[in-house]
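Undergrad: Below: one structure in structure tokens.
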Amino acid sequence: GTLIEVHDEL
Amino acid sequence: MNIFRLSGDVCHLIAIIILFLKIWRSKSCAGISGKSQVLFALVFTTRYLDLFTSYISAYNTVMKVVYLLLAYSTVGLIFFRFRNSYDSESDSFRVEFLLVPVAGLSFLENYAFTPLEILWTFSIYLESVAILPQLFMITKTGEAESITAHYLLFLGLYRALYLANWLWRFHTEGFYDQIAVVSGVVQTIFYCDFFYLYFTRVLRGSGKMSLP
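Chains as they are written, first to last, in the working numbering: chain A, 1 to 10; chain B, 11 to 222.
See below:
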């Protein structure tokens, strides 16, 4: 499954 | 957002601005790898496609746009405005040796097999090796101007601060982005040799960083 829903880092 | 992440982003921004101003003011991109700069522009382009799909914060959006604009402006200075000073002979790293494995790996090892996720993963893997043409060029010519060394120092600091950010986020939020962390560690390792040279030669020395 997807661990990271949104990539909030740059 | 924590202090490590914020200072990491600021160091990244300072690095990009140092490079842009160096080329702009000296009207020359001598000693700069145009290939590394094209790779960084590609990194930002493939990573920040989520500008169109998800809003995170004003900070996030503004920084992404600024990074993109500066990356493309730098590429423009190197290959158009000051192309006469571009040392293509010394910038001879074969980028296909980076792009092909990185593209392959991003298809194999990602969080989700969707176009945006694969491109995001590609950008993370590519960023970890994008500086290699620049380091290769310095090794080949045997020296770097101190301003180029300052650029690399801030770029390396950005990576090191992101490692601290990930340790902090794991400790406080249980957040763990495996792809970013593994690539980030690899990327930081590439700077270790450079850090050593920077502190032993640039800071003690004569303005130029010569390699042994």
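Heads up, the beta-carbon is just placed ideally off N, CA and C, and yes, glycines get one too.
1) Within a Cβ cutoff of 7 Å, which residues of the same chain sit near B/S46, ignoring the five residues on either side of it in sequence?
2) From B/L59 to B/L126, what does the alpha carbon distance come to, in whole angstroms?
3) Taking a contact to mean a Cβ-Cβ separation below 9 Å, would you say B/A51 touches B/V72 in this structure?
4) Does B/S64 have its Cβ less than 9 Å from a Cβ in chain A?
5) Can you confirm whether B/N175, when its beta carbon is compared against all beta carbons of chain A, has any partner nearer than 9 Å?
6) In this structure, what does DSSP give as the bridge partners for B/K218?
7) Look at the alpha carbon of B/T124 and the alpha carbon of A/E5, and state the distance between them as a whole number of angstroms.
8) Return no unless some Cβ of chain A is closer than 9 Å to the Cβ of B/R211.
9) Threshold first: 4 residues or longer. Then list the alpha helix (DSSP H) segments lying entirely within the region 51–103 of chain B, N to C.
10) By DSSP, does B/D187 sit in helix, in strand, or in coil?
11) Run through chain A and tell me which residues come within less than 9 Å of B/D60, C-beta to C-beta.
12) Along the chain, where does the alpha helix (DSSP H) containing B/L108 start, and where does it finish?
TA: Inspection of the coordinates gives the following:
1) Only residues of its own chain outside the window of five on either side were considered, and among them A140, I141, P143 and Q144 have a CB closer than 7 Å to the CB of B/S46, listed in chain order.
2) About 7 Å.
3) no
4) yes
5) yes
6) B/E155
7) 13 Å
8) False, the Cβ-Cβ gap to chain A never drops below 9 Å.
9) Fully enclosed alpha helix (DSSP H) runs of no fewer than 4 residues occupy 68–86 of the region 51–103 of chain B, in order along the chain.
10) DSSP places B/D187 in coil when its eight states are reduced to three.
11) V6 and H7
12) Segment E106 to L118, the alpha helix (DSSP H) holding B/L108.
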